[in-house]
Amino acid sequence: MDVDIQDGDIEGTVVPYMRGIIDALKLSPYEPGIYGTRNVFLHGEEVGMKYSFVADMSYGWSGNLGFRMPTNWAFDQFTEYPIGSTDIDQVAASGKDAGVNKFVPQLYGTISYREVAADVLKGFGKSVSAEFNKKIELVDIPSLKISVELVNSLSVADESPAITISNGKLDSISFANWLQTS
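The working numbering puts the first residue of the sequence shown at 1154, with every later residue one more than the last.
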């Protein structure tokens, strides 16, 4: 978050972003951390952000003015000085983040089709378990009807909008043409 985001905007933008990072790293051996202002980190501590890399060098940022140092600070970037024509940041380390000495890309865990479908349904405010070959109504009003059905593949049926997925890959989306003609 290399920006001086205002206090009133943090809950609606940065907090969901941090929660997404935290959730994405749950199945990995890595811990979440974020760069930005002290105010952002105070919100981050509340949602479970493990490490903070504090942008204290930005003295005029409102997110640093009057806010205490977060307890989870791992790095504190507090000044910059030139060496030749290169600017070098001076950073203090608390020792909380030991870093890594080797990076080996790996896949950690898997996600099932049912989990993906359940996550999609949550976005529509539906708290139901995902089952194959069962239609679930998301919206049913006179001008709009939306339903989903979890199947192994989808294809265009009649003139309905469709997403075609074959062998786990997106082949086509035919929503725009249907919407124009309807």
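Backbone N, C-alpha and C fix where the C-beta goes; we use that ideal spot for every residue, glycine too.
For residue 1245, there is no enclosing alpha helix (DSSP H); the residue is found in the beta strand (DSSP E) stretching over 1239-1246. Judged by DSSP in its simplified three-state form, residue 1227 adopts strand. According to the DSSP assignment, residue 1293 belongs to the beta strand (DSSP E) that extends over 1288-1294. The criterion of a C-beta distance shorter than 8 Å is not satisfied by residue 1228 and residue 1194. In the three-state DSSP reduction, residue 1297 falls in the strand class (E or B). Partner residues in the beta bridge of residue 1232, as assigned by DSSP, are 1243. Only exposed fits residue 1241, as fewer than 16 other CB atoms lie within 10 angstroms of its CB.
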